[in-house]
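To start, the structure under review is shown below, and the notes come after it.
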DNA sequence: CATAAATTCGTAATCATTCCTATTTTTAAT
DNA sequence: ATTAAAAATAGGAATGATTACGAATTTATG
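Protein chains in written order, with our numbering: chain G, -3 to 120; chain R, -3 to 120.
Set out below in structure tokens:
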């Protein structure tokens, strides 16, 4: 993988952003620094970075994929109602062992928890 | 919600199918029983059934949404490599409590575990 | 039966993502 | 510093799963 200014900008934006942005949001933010960047560059780089394990893709069940740069190991909780994504610390290792004994999975490195957030619960 | 023959067929197909089918696969299968059913009817009904809590939508990070009729309470493990979905039994209640104390989530009713399946591990 | 509400079918529209290609940038070797 | 090969980009077109729409049909209720 060669160096590219655009990719560095994408990574920098991801490092500054803790909001689990969508690809399009990342595109918008990078555009402020790198005005001529194209959407395809953003999508291609995100895909590559996910492949390399430097970025995680989070599917919420909504219409967009969200992205999160890998810092420490944490899991995600998603509100089914508003789609917000929260960080959670779960014992992934423990769950991985449990899974391994129970299914055809050889292990796991990511856990996504779906539920309702406190705000949405209040409103309904 | 009124009765509809088409919806009953969709539910029946889901009851018979343990493979976490996509909307399109469900459409194909229902079509064998109900040849004039339209894709929009399948999509609309799946959405309604998800809303009612009778069906669960499973986002794998791939291009399609998968569906699973709610029988017993179980969680899902997804292979990041092949996209296969496996059933798992996790202590959701315990995790829900853990989540509740740690985040803005009021609880959870579904856990998705991402990892690599044994077959894909062998191949790589 | 008659009416209103719900549902369906078929197709068109949407829109996030992927694909394509000519051009530019990066890398490594000479 | 040049050069050639490989990698990456910009921009726009294509894709394709899903959603939206409207006229026609079916269901529920009195």
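The beta-carbon is built from N, C-alpha and C at its ideal position, and this holds for glycine as well. Please read these numbers as outputs of a predicted model, since none were measured by experiment.
Flagged as an interface residue toward chain R: residue 104 (chain G), by a C-beta distance shorter than 8 Å. When beta bridges are read from the DSSP output, residue 63 (chain G) appears opposite G:53. Just so you know, the alpha carbons of residue 68 (chain R) and residue 93 (chain R) end up roughly 20 Å apart.
Around residue 57 (chain R), the beta-carbon contacts reaching into chain G at under 8 Å are 53, 55, 61.
One thing to note: residue 10 (chain G) has its Cβ within 8 Å of the Cβ of residue 22 (chain G). Nearest neighbour of residue 106 (chain R) by Cα position, chosen from R:119, R:54, R:81, R:32, turns out to be R:54. Of the residues R:2, R:84, R:111, the one whose Cα lies closest to the Cα of residue 99 (chain G) is R:84.
Here residue 16 (chain R) is near residue 62 (chain R), since their CB atoms are less than 8 Å apart. In this structure, the straight-line span from the alpha carbon of residue 13 (chain G) to that of residue 110 (chain R) is close to 23 Å.
In the DSSP secondary-structure assignment, residue 71 (chain G) is bridged to G:84. Using a Cβ-Cβ cut-off of 9 Å, residue 100 (chain R) is close to 73, 75, 80, 82, 113, 114, 115 of chain G, given in chain order. Straight-line measurement puts the Cα of residue 4 (chain G) at about 52 Å from the Cα of residue -3 (chain R). Per DSSP, residue 116 (chain G) lies in no beta strand (DSSP E) segment; the continuous alpha helix (DSSP H) that holds it begins and ends at 114 to 119. Using a 10 angstroms sphere on the CB of residue 1 (chain R), the tally of other CB atoms stays under 16, which defines it as exposed. According to the DSSP assignment, residue 24 (chain R) belongs to the alpha helix (DSSP H) that extends over 19 to 29. For residue 48 (chain R), no Cβ of chain G is located within less than 8 Å of the residue's own Cβ. Among the residues of chain R, none has a CB under 9 Å from the CB of residue 45 (chain G); the nearest is roughly 14 Å distant. The Cβ-Cβ distance between residue 66 (chain G) and residue 50 (chain G) falls below 8 Å.
Taking 8 Å as the cut-off between beta carbons, none of the residues of the region 7 to 35 of chain G comes near chain R. Residues of chain R with a Cβ closer than 8 Å to the Cβ of residue 85 (chain G) are, in chain order, 98. By alpha-carbon distance to residue 101 (chain G), the top candidate from R:103, R:113, R:91 is R:113. Closer than 8 Å to the CB of residue 109 (chain R) there is at least one CB belonging to chain G. Shown here, residue 100 (chain R) sits in coil according to DSSP, grouped into three states, outside any helix or strand.
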